[in-house]
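From first to last, the protein sequence lines are chains A and B. Start counting the first sequence at 1; every next residue gets the next number (my numbering). Start counting the second sequence at 102; every next residue gets the next number (my numbering). Where is the CB? At the ideal position from N, CA and C, for every residue including glycine. Heads up, the thing below is written out as structure tokens.
Protein chains: 2
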Amino acid sequence: MEALADYFKVFSEPNRLAVLDALRGGALNVTAVVERTGLSQALVSKHLKLLTIAGVVRRRPEGSLVFYEVIDKGVFRLILQGDKLLLATRRQQLDALVAIL
Amino acid sequence: MEALADYFKVFSEPNRLAVLDALRGGALNVTAVVERTGLSQALVSKHLKLLTIAGVVRRRPEGSLVFYEVIDKGVFRLILQGDKLLLATRRQQLDALVAIL
DNA sequence: TGCTAACATCATGATGTCGTTATAGCGTTG
DNA sequence: CAACGCTATAACGACATCATGATGTTAGCA
Chain A
1 MEALADYFKV FSEPNRLAVL DALRGGALNV TAVVERTGLS QALVSKHLKL LTIAGVVRRR
61 PEGSLVFYEV IDKGVFRLIL QGDKLLLATR RQQLDALVAI L
Chain B
102 MEALADYFKV FSEPNRLAVL DALRGGALNV TAVVERTGLS QALVSKHLKL LTIAGVVRRR
162 PEGSLVFYEV IDKGVFRLIL QGDKLLLATR RQQLDALVAI L
């Protein structure tokens with residue numbers, strides 16, 4: 001249960017989701033991720049390290065660049081499903097609110 | 102992106118997952134959740150409040166008891182999918198380790 | 001060999017979260 | 001209405017996480 005919570009924690013940070021989103025199309029080097037996300041280089045490096053340790057992302061040095069890519073694209077399905085569920089939840093919250101008013 | 106991260110954060114806490122797990126079979130009052138999880142009453146109340154605000158759980162007072170139940174059982178599908186993905190990730194990490202040794 | 005670009009790491013401060021203890025609110029029952 | 005059980009909240013300390021700015025490290029190239 002602890003491990004699962006930690007896994008969900010990986011996706012519980014906006015900037016981390018942004019980094020993952022940047023990697024949606026395939027491998028990118030750090031600078032490219034920085035450009036796409038608008039985050040600072042230090043911050044991107046940190047999040048990529050976390051994602052690597054979590055096993056979500058693979059690190060591949062190539063010359064002077066370091067490329068990162070999502071290992072299991074099922075990650076994107078999980079994120080999508082979370083998004084769907086969130087939408088359904090928001091809709092139901094609105095319904096409940098309307099029922100009161 | 103921020104909202105989605107916050108939603109995932111709901112599931113990023115072991116005790117919160119335990120509370121949700123206790124509610125897997127249907128509605129329970131607070132004391133029942135306390136008994137099933139072994140957590141303190143105050144802590145259970147706190148997590149239930151969070152889950153309520155997040156829209157994951159519905160609060161239903163009945164006499165002097167207060168029952169809680171999961172609104173959209175799709176939540177359990179999300180948790181299951183996270184669990185599966187975590188397993189796949191762990192397996193792949195082991196494979197990568199073996200490949201090195 | 002020295003410079004530069006790309007990436008990683010460190011130290012720090014600010015903020016957030018978790019769990020506990022104690023207490024308050026509230027409905028029921030005697 | 002007094003006492004009790006159930007639930008919620010408040011206050012607090014411990015700890016984790018995040019973002020930043022500065023610095024370290026390494027590879028490639030002049």
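Do Ile172 of chain B and Arg191 of chain B have their C-beta atoms closer together than 8 Å?
No.
Check your understanding: What is the rounded straight-line gap between the Cα of Ser64 of chain A and the Cα of Val30 of chain A?
Key -> Rounded to the nearest angstrom, the two C-alpha atoms are 11 Å apart.
When you compare the CB of Glu170 of chain B with every CB in chain A, is at least one pair closer than 8 Å? Taking 8 Å as the threshold, the shortest C-beta distance from Glu170 of chain B to chain A does not fall below it.
*Which bits of chain B does Leu78 of chain A rub up against, with CB to CB less than 8 Å?*
Near Leu78 of chain A (Cβ distances below 8 Å), the residues of chain B are Leu179, Gln182, Gly183 and Leu186.
Q | Separation of Lys185 of chain B from Val134 of chain B, as counted between CA atoms | A | Roughly 26 Å separates the two Cα atoms.
Where DSSP assigns a beta bridge to Phe168 of chain B, which residues make up the other side?
Phe168 of chain B is bridged to B:Asn130 and B:Arg161.
| said: Helix, strand or coil, according to DSSP, for Lys84 of chain A in the structure here? | reply: Of the three classes helix, strand and coil, the one that applies to Lys84 of chain A here is helix, per DSSP.
Identify, in the order they occur along the chain, each residue of the same chain with its Cβ nearer than 7 Å to the Cβ of Val44 of chain A, setting aside the five sequence neighbours on each side. If we look at Val44 of chain A and ignore the five residues flanking it on each side, its Cβ neighbours are Val19, Val30, Val33, Val34 and Thr37.
Notebook entry, point to check: Is the stretch 187-201 of chain B touching the stretch 109-127 of chain B, taking contact as three or more C-beta pairs under 8 Å?
Noted result: Below 8 Å, too few C-beta pairs join the stretch 187-201 of chain B and the stretch 109-127 of chain B to call them touching: fewer than three.
_Give me the subset of the stretch 136-163 of chain B whose CB atoms are less than 9 Å from a CB atom of chain A, sorted by chain position._
Listed in sequence order: Ala155, Gly156, Val157 and Arg159.
* Could you give the DSSP three-state label for Phe103 of chain A: helix, strand or coil? => For chain A, the structure presents residues 1 to 101; residue 103 of chain A sits outside this window and is missing.
Would you list, in chain order, the members of the stretch 7-21 of chain A that have their beta-carbon closer than 9 Å to a beta-carbon of chain B?
Correct list: Tyr7, Phe8, Lys9, Val10, Phe11, Ser12, Glu13, Pro14, Asn15, Arg16, Leu17, Ala18 and Asp21.
Exercise. Does the beta-carbon distance from Gly183 of chain B to Leu50 of chain A come in below 8 Å?
Worked result: Their beta carbons are not under 8 Å apart, which means Gly183 of chain B does not touch Leu50 of chain A by this criterion.
- prompt: Taking all protein chains shown into account, do 16 or more other C-beta atoms lie within 10 angstroms of the C-beta of Gly156 of chain B, making it buried, or fewer, making it exposed?
  reply: Flag for Gly156 of chain B reads buried.
task = Please confirm whether Pro115 of chain B and Glu2 of chain A have their CB atoms less than 8 Å apart.
result = Yes, they are a contact pair.
**Item:** Between the CA atoms of Leu118 of chain B and Leu140 of chain B - distance to the nearest angstrom
**Value:** Near 12 Å, if we compare the C-alpha coordinates of Leu118 of chain B and Leu140 of chain B.
Can you find a CB in chain B that lies within less than 8 Å of the CB of Asp72 of chain A?
Yes, Asp72 of chain A lies at the interface with chain B (some Cβ there is under 8 Å from its Cβ).
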